[in-house]
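Just below is one structure, and these are the notes that go with it.
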Amino acid sequence: MAQPQTQAGSANGTSNGERQDPGGFKLKFCTVCASNQNRSMESHLRLAAANYPVISFGTGSLVRLPGPSIDKPNVYQFNKTSYDSMYKELESKDPRLYRANGLLNMLERNRGVKWGPERWQDWQIGAPRLQHNADRGSEGLEGGVPDVVITCEERCWDAVIDNLLERGSPLNRPVHVINVDIKDNHEEALIGGRGILDLADSLNKAATEEREANPSGFDSGIAGSRAGFDERVPEIIGEWQERWPNLPSVWTLGWF
Amino acid sequence: MATPTLSVEQQIKQLDEARKLVLSDATYYERIIQGILPIAAPGARVELRRWVADFLAETFASPWVPAHEKEKMSLIVLDTLKSMIENPQEDAAVVKSVVQTAASLYPVVVRRIINEPNDSQTWSKMLAIKLRILRIWDTATTGVRICCIKFAQRVVLVQTNGPAVDPRNGNPLEVSLSMVPPNHPLMPPMNLEAEASGLLDRMLSVFQENISDAVLVDATLNSLSILIRARPHIANRILNVILNFNPLKQANSPMTPKLRVMVKSMEKTTRSLLVHILKRDNQHPLAGKIQQYVERMMRSKSDIFDEVSRKRGPPEPTDGLDAAKRQKLAAQVTSAPPKFHVPPLDPGPHSVAELFTVTTDDALKAFDVAQLSEDMVVKIGITILQRIDVDMLNQAVEGVRKRLKIMSEIERLVVTSSTIPLDVEDDDDDYEPAEDTEQILNKLDAAPPAELVKLLPPAPEVALGKFKLPDPLPMSPEEVALAGRGVVDRLFGLMTSLDERDKKSKSAGFNRLAASTNDRDSWVTIITRIATRASAGLEEADGVKVEANRPTPFSMSNTIREEMYNYVFMDFRKRIDTAVQWLCEEWYNDRMQMKRGVDAILHYEKWVLRILDGILPYLDSQDRTLLIKFLGDIPGLSAEVLGRVTGLCVNPSTVNMALQSLLYLLVYRPPAKELVLAAVEDVWNTYEDARPVVVKLFVKYRPDYGERFKAAEGAERANGVPEVKEVAAT
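Chains as they are written, first to last, in UniProt numbering: chain A, 1 to 256; chain B, 1 to 730.
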């Protein structure tokens with residue numbers, strides 16, 4: 001199950017060393033954009049390379065990739081077409097065009113991460129994901145319930161929240177849903193991916209600190225003396241926002 | 001699994017392997033859970049306890065584990081969950097997982113208890129967990145508190161009425177109060193509903209606090225959608241609270257990055273929930289208000305955040321502006337009750353239905369309520385009456401009253417004006433009388449009969465003033481007796497359906513009230529009081545009438561007494577306390593009656609004797625304490641009662657019992673001393689075989705028994721005939 005890890009994109013060199021340490025606590029992440037192609041996949045790869053458990057989704061109705069002209073996009077179905085087959089199709093259609101606009105590069109990256117784009121709305125939260133064990137970042141998310149969902153566009157955040165409200169929170173599992181607004185192009189996706197990794201590190205640090213043994217117990221009346229992870233999330237995001245002023249964020253605590 | 005030689009890391013690795021196994025095949029869950037519970041013992045390493053708690057939370061949340069499996073496993077894990085959450089030293093992460101597990105388990109357990117109403121053990125464990133969660137709700141860390149909120153939300157969902165569904169359906173979201181039978185012994189629906197209402201208030205109180213913690217507010221908002229959707233009768237209550245919530249109120253204080261995130265989050269989350277509700281149901285009664293709120297929020301938000309980003313500090317006016325806004329909002333809610341307009345009726349005849357139709361919506365008017373089933377109408381009616389605004393109701397009633405007033409006036413006019421043409425012939429109506437009958441017949445042919453019915457009768461009825469129901473026909477004595485029997489049967493039916501109280505919990509003593517608890521004891525008290533007191537003083541006449549050659553008139557009291565006697569007699573060993581309680585009531589009532597008058601009819605003596613007569617033949621030597629207790633507890637003794645006891649001496653196996661109970665009375669009921677000694681004397685004289693026992697027991701009180709016994713023995717030896725008479729004379 002262990003993926004041979006490349007050191008690529010290791011903005012977070014320290015966590016690579018922790019990979020072999022099963023005791024090191026890792027928050028479980030989920031990244032979301034419209035088509036599960038560019039922004040969510042860039043951050044998926046980044047988080048996976050930093051050894052975080054991560055999965056990713058798209059909230060659109062269909063996977064839309066740019067075509068030869070603006071009114072002729074390449075449209076695929078979620079969950080049914082693999083990155084690999086998209087790659088092959090586009091390569092056979094017009095390799096020059098799709099190489100030039102970066103689509104083939106993107107698909108090349110994506111097919112190294114997982115099989116194909118998945119749609120958020122069709123995702124059965126809490127369903128075991130053992131069959132995804134070849135995906136990057138799958139280790140730790142076998143149970144299919146992430147702790148943090150990071151969307152890459154406010155529209156996607158809205159769709160995720162609306163969908164969670166729609167599902168009626170049957171699992172009773174809390175989830176932090178954070179939007180990090182990233183423009184949908186390759187350059188911005190790279191920057192956004194770095195921002196998201198920074199956010200993930202900050203959150204994970206707080207979560208790890210919370211889990212360090214606390215002998216006083218939860219009911220000892222001095223709960224305020226050491227703020228827990230959930231409580232610190234707004235603060236962490238606030239500080240992160242100061243560091244990344246060009247990636248406007250929204251956060252809420254939702255329920256699966 | 002937890003071999004001590006393994007390190008914690010190795011153990012967790014093993015556990016992870018086990019977890020992967022169950023994730024791939026859900027049939028192993030039960031076995032794995034049984035295997036891992038010991039690992040989470042209180043003394044175990046915190047890493048292991050966390051792992052187990054988290055695994056439980058995951059398992060019971062999983063949509064892949066079938067509901068009946070969860071139910072089975074819930075029985076196994078409740079003890080562990082209980083001990084974890086009740087441990088004040090427990091790790092916060094463990095508690096957080098336990099509360100999540102409990103939220104997922106709650107509907108599962110409730111459904112089980114619905115189907116197994118006698119499983120009080122499981123239910124009490126669940127209750128203990130619930131109690132603990134609700135207790136730590138306010139004091140625990142934020143991470144635990146949000147899970148407590150979610151737990152409360154789940155309890156509210158379960159304990160409110162939902163749409164009727166098949167209870168076998170596995171979806172935990174569909175367990176609702178509607179599935180709980182009204183007479184459930186462990187979960188009375190009324191209590192469940194009241195608790196849910198209280199919990200909902202507690203959940204919603206987060207919106208009324210001055211300082212809002214965004215984590216708690218968001219956790220609440222994001223859990224409310226299912227309640228609003230699936231529980232329409234509490235939806236408006238929830239929405240009204242949200243609509244009065246101002247997520248931007250903290251925007252006045254200096255904007256730290258953290259506060260900025262929190263305010264923005266609360267505003268956005270509130271808006272998301274409301275938009276979600278609007279999107280699903282744009283016909284919602286509060287749709288207009290929601291729309292306004294959403295628009296206002298978006299405006300204020302852009303005001304605040306744009307300004308803040310420009311000036312890097314809180315702008316002064318926001319403060320005043322905000323307060324004004326809040327005031328306005330509050331004023332709107334309190335001082336402007338919805339104006340309810342009842343359109344006056346057009347002149348002309350109207351049906352009763354039209355009279356009471358206050359809506360102006362034509363589609364609604366066309367709806368025939370008779371299509372609905374009766375109980376549904378009743379349910380709707382009750383719900384409406386519970387929810388309706390008093391002002392609105394008053395306005396509607398006033399409107400209908402006005403209509404009636406106008407109508408009755410018109411009616412008077414119409415009645416007079418339609419009689420006038422017949423009596424006084426107008427010029428215009430000259431030839432009308434000639435065609436009158438024909439016209440009417442034509443009309444009858446033309447008009448559909450239904451309309452006629454609608455047209456004709458209601459008008460005068462509406463105009464009528466008072467209507468008095470005729471008095472019912474007097475009931476025959478047989479009917480009275482039958483109805484009375486029915487009532488008594490109901491009383492006893494209810495009593496036997498109630499639980500018998502634990503012997504342990506019985507300690508109220510003199511402070512015990514007749515009906516402080518809804519158990520069998522209380523009902524016994526009520527029933528005996530109905531029997532003894534309700535008709536006390538009314539039955540003197542009956543006593544005389546019995547002499548007459550007529551059937552005994554029905555007496556509620558005596559029927560109850562008869563039933564009571566049967567009830568006690570059926571299982572007298574267990575119900576002897578009930579008998580004593582009843583006889584005390586009888587005795588007390590007799591005393592009260594005797595105070596009132598000399599010729600009171602007394603019941604106590606009669607029923608003591610009946611009970612004794614009933615049970616004495618069944619007593620054996622084992623029942624000594626029973627008899628002693630009964631004789632010791634009943635409030636009055638008489639020679640006749642003791643006579644019944646001495647009667648036991650005829651049977652060698654009960655001689656001891658009879659005499660020992662007499663001894664008890666002699667020692668512990670001094671006022672009865674003379675009576676008892678007389679009874680003993682009687683035994684001495686009547687039952688020769690009992691004499692040795694009499695001597696043994698009573699020689700201390702009547703030393704002469706010993707001598708008499710010796711004398712009698714001597715005499716017997718001398719002539720072979722016991723000289724009873726002679727001895728007795730001394």
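The beta-carbon is built from N, C-alpha and C at its ideal position, and this holds for glycine as well.
- Message: By the DSSP assignment, the beta strand (DSSP E) with VAL75 (chain A) in it spans what residues?
- Response: Stepping through the first sequence from its first residue, residue 75 (chain A) is reached at position 75. 74-76 is the extent of the beta strand (DSSP E) around VAL75 (chain A).
- Item | Pair within 8 Å by beta-carbon distance, PRO117 (chain B) and LEU192 (chain B) | For this step, residue 117 (chain B) is matched to residue 117 along the second sequence. For this step, residue 192 (chain B) is matched to residue 192 along the second sequence. Cβ atoms of PRO117 (chain B) and LEU192 (chain B): not closer than 8 Å.
- Message: Per DSSP, what are the beta-bridge partners of GLY58 (chain A) in this structure?
- Response: In the first sequence, residue 58 (chain A) corresponds to position 58, counting from 1. Per DSSP, A:CYS33, A:ARG119.
- Would you call ILE420 (chain B) buried or exposed, if buried means 16 or more other Cβ atoms sit within 10 Å of its Cβ? On the second sequence, residue 420 (chain B) is found 420 positions in, with the first residue counted as 1. Note that ILE420 (chain B) has pLDDT 41, beneath the 50 cutoff, so the model's placement of it is unreliable and the number below is only indicative. The residue is exposed, with fewer than 16 neighbouring Cβ atoms inside 10 Å.
- When the Cα atoms are used, what is the spatial distance from LEU81 (chain B) to HIS44 (chain A)? By 1-based counting over the second sequence, the position of residue 81 (chain B) is 81. By 1-based counting over the first sequence, the position of residue 44 (chain A) is 44. For LEU81 (chain B) and HIS44 (chain A), the distance between alpha carbons rounds to 36 Å.
- Message: The alpha helix (DSSP H) that contains GLY193 (chain A), what's its start and end?
- Response: As a working mapping, residue 193 (chain A) is identified with position 193 in the first sequence. Element bounds for GLY193 (chain A): 186-211.
- Residues in the region 40-62 of chain B with C-beta within 8 Å of chain A's C-beta atoms, listed in sequence order? VAL46, GLU47, ARG50, ALA57, GLU58, ALA61, SER62
- Item | DSSP-derived helix/strand/coil call for HIS176 (chain A) | For the purposes of this step, residue 176 (chain A) is taken as the residue at position 176 of the first sequence. HIS176 (chain A) falls in the strand class under three-state DSSP.
- Message: Does chain A have any CB closer than 8 Å to the CB of VAL397 (chain B)?
- Response: Walking along the second sequence from the start, residue 397 (chain B) turns up at place 397. No, its Cβ sits nowhere closer than 8 Å to a Cβ of chain A.
- Nearest residue (CA-CA) to VAL52 (chain B), options B:GLU86, B:GLU71, B:THR101, B:SER24: The residue you call residue 52 (chain B) lines up with position 52 of the second sequence. Minimum Cα distance to VAL52 (chain B) is reached at B:THR101.
- Query: On the three-state DSSP scale, how would you describe TRP255 (chain A)?
  - Reply: Numbered from its first residue, the first sequence carries residue 255 (chain A) at position 255. Residue state, collapsed to three classes: strand.
- Message: Do ILE634 (chain B) and TYR664 (chain B) have their beta-carbon atoms positioned less than 8 Å apart in this structure?
- Response: Position 664 of the second sequence, counted from the start, is the residue given in the question as residue 664 (chain B). Position 634 of the second sequence, counted from the start, is the residue given in the question as residue 634 (chain B). Cβ atoms of TYR664 (chain B) and ILE634 (chain B): not closer than 8 Å.
- Query: Residues bridged to THR160 (chain B) by DSSP?
  - Reply: The count along the second sequence starts at 1 and reaches residue 160 (chain B) at position 160. For THR160 (chain B), which the question treats as bridged, DSSP gives no partner whatsoever.
- Query: From LEU157 (chain B) to ILE70 (chain A), what distance separates their C-alpha atoms?
  - Reply: Working through the second sequence from its first residue, we reach residue 157 (chain B) at position 157. Working through the first sequence from its first residue, we reach residue 70 (chain A) at position 70. When rounded, the distance between both Cα atoms is 49 Å.
- Task: Quick one: measure Cβ to Cβ for TRP240 (chain A) and LEU199 (chain A), integer angstroms, because I've assumed they're closer than 8 Å.
- Result: The residue you call residue 240 (chain A) lines up with position 240 of the first sequence. The residue you call residue 199 (chain A) lines up with position 199 of the first sequence. Contact holds; Cβ gap of about 5 Å.
- Smallest Cα separation from LYS80 (chain A): which of A:GLY228, A:TRP115, A:ARG243? Looking up residue 80 (chain A) in the first sequence gives position 80. Considering only alpha carbons, the answer is A:TRP115.
- Message: Check for me: the beta strand (DSSP E) holding LEU648 (chain B) runs from which residue to which?
- Response: As a working note, residue 648 (chain B) is residue 648 in the second sequence. Taken as a continuous stretch (DSSP letters only), LEU648 (chain B) belongs to no beta strand (DSSP E), as it is neither H nor E.
- Task: Please go through the same chain and pick out, in chain order, the residues whose beta-carbon is closer than 8 Å to the beta-carbon of GLN291 (chain B), but skip the five residues on each side of it.
- Result: Along the second sequence, read from residue 1 onward, the residue named residue 291 (chain B) stands at position 291. Once the five neighbours on either side are set aside, the close Cβ partners of GLN291 (chain B) are LEU278.
- Since THR160 (chain B) contacts LEU177 (chain B) with CB under 8 Å, what's their CB separation in whole angstroms? Sequence index remark: in the second sequence, residue 160 (chain B) carries index 160 (1-based). Sequence index remark: in the second sequence, residue 177 (chain B) carries index 177 (1-based). With a Cβ gap of about 5 Å, THR160 (chain B) and LEU177 (chain B) count as contacting.
- Taking 8 Å as the CB-CB limit, is residue 746 (chain B) close to chain A? The structure shown does not extend to residue 746 (chain B), since chain B spans only 1 to 730, so no value can be given for it.
- Message: In this structure, how does DSSP classify LEU6 (chain B) when only helix, strand and coil are distinguished?
- Response: For the purposes of this step, residue 6 (chain B) is identified with residue 6 of the second sequence, where counting begins at 1. In the three-state DSSP reduction, LEU6 (chain B) falls in the coil class, being neither helix nor strand.
- Own chain residues within Cβ distance below 7 Å of ASP218 (chain B), not counting five before or after: In the second sequence, the residue the question calls residue 218 (chain B) occupies position 218. If we look at ASP218 (chain B) and ignore the five residues flanking it on each side, its Cβ neighbours are SER265, MET266, THR269.
- Item | Listed by chain order, chain B residues near LEU164 (chain A) by CB distance under 9 Å | Reading the first sequence from its first residue, position 164 is the one you call residue 164 (chain A). Residues of chain B passing the Cβ test: ASN222, SER225.
- Query: Who are the Cβ neighbours of LEU15 (chain B) in its own chain at under 6 Å, not counting the five residues just before and after it?
  - Reply: Sequence index remark: in the second sequence, residue 15 (chain B) carries index 15 (1-based). Cβ neighbours of LEU15 (chain B) beyond the five flanking positions: TRP51.
- Task: Could you please give the first and the last residue of the uninterrupted alpha helix (DSSP H) stretch that includes ARG135 (chain B)?
- Result: What you label residue 135 (chain B) is simply residue 135 of the second sequence in a count that begins at 1. Membership of ARG135 (chain B) in the alpha helix (DSSP H) is indicated by the continuous run 120-136.
- Task: Find the nearest neighbour of TYR687 (chain B) within the set B:TYR701, B:GLY714, B:LEU659, judged by alpha-carbon distance.
- Result: Here residue 687 (chain B) corresponds to residue number 687 of the second sequence, with the count starting at 1. Relative to TYR687 (chain B), the option among B:TYR701, B:GLY714, B:LEU659 whose CA is nearest is B:LEU659.
- Item | MET495 (chain B) and ILE527 (chain B) closer than 8 Å at C-beta | As a position in the second sequence, residue 495 (chain B) is number 495, starting the count at 1. As a position in the second sequence, residue 527 (chain B) is number 527, starting the count at 1. Yes.
- Query: Are at least three pairs of beta-carbons, each pair with one atom in the region 127-139 of chain A and one in the region 20-34 of chain B, less than 8 Å apart?
  - Reply: yes
- Sequence-distant residues of the same chain with beta carbon closer than 8 Å to ARG155 (chain A), five excluded per side: Reading the first sequence from its first residue, position 155 is the one you call residue 155 (chain A). Counting only Cβ-Cβ distances below 8 Å, and skipping sequence neighbours, we find ALA34, THR59.
- Straight-line gap, SER621 (chain B) to ASP599 (chain B) (C-alpha atoms, nearest Å): Sequence index remark: in the second sequence, residue 621 (chain B) carries index 621 (1-based). Sequence index remark: in the second sequence, residue 599 (chain B) carries index 599 (1-based). Between SER621 (chain B) and ASP599 (chain B), the C-alpha separation is close to 41 Å.
- Message: Helix, strand or coil, according to DSSP, for LEU247 (chain A) in the structure here?
- Response: Residue mapping note: residue 247 (chain A) aligns to position 247 of the first sequence, counting from 1. DSSP places LEU247 (chain A) in coil when its eight states are reduced to three.
- Message: Do ASP682 (chain B) and THR646 (chain B) count as a contact pair if the criterion is CB distance below 8 Å?
- Response: For the purposes of this step, residue 646 (chain B) is identified with residue 646 of the second sequence, where counting begins at 1. For the purposes of this step, residue 682 (chain B) is identified with residue 682 of the second sequence, where counting begins at 1. For THR646 (chain B) and ASP682 (chain B), yes; Cβs fall inside 8 Å.
- Based on Cα-Cα distance, which residue from B:ARG112, B:ARG111, B:VAL109, B:ASP201 lies nearest to GLN153 (chain B)? Position 153 of the second sequence holds residue 153 (chain B). For the residues B:ARG112, B:ARG111, B:VAL109, B:ASP201, the minimum Cα distance to GLN153 (chain B) belongs to B:ASP201.
- Task: Return the chain-ordered ranges of every alpha helix (DSSP H) run that is complete within the region 88-164 of chain A and spans a minimum of 4 residues.
- Result: 95-100, 103-111
- Under 7 Å from any heavy atom of the ligand ADP, does the C-beta of TYR29 (chain B) make it? What this structure holds is no ligand at all, so the ligand ADP is not there to describe.
- Hey, does GLY146 (chain A) have any beta-carbon neighbour from chain B nearer than 8 Å? Here the question's residue 146 (chain A) lines up with position 146 in the first sequence. Reading off the sequence, residue 146 (chain A) comes out as Pro, not Gly. Answer no: the Cβ-Cβ gap between PRO146 (chain A) and chain B never drops below 8 Å.
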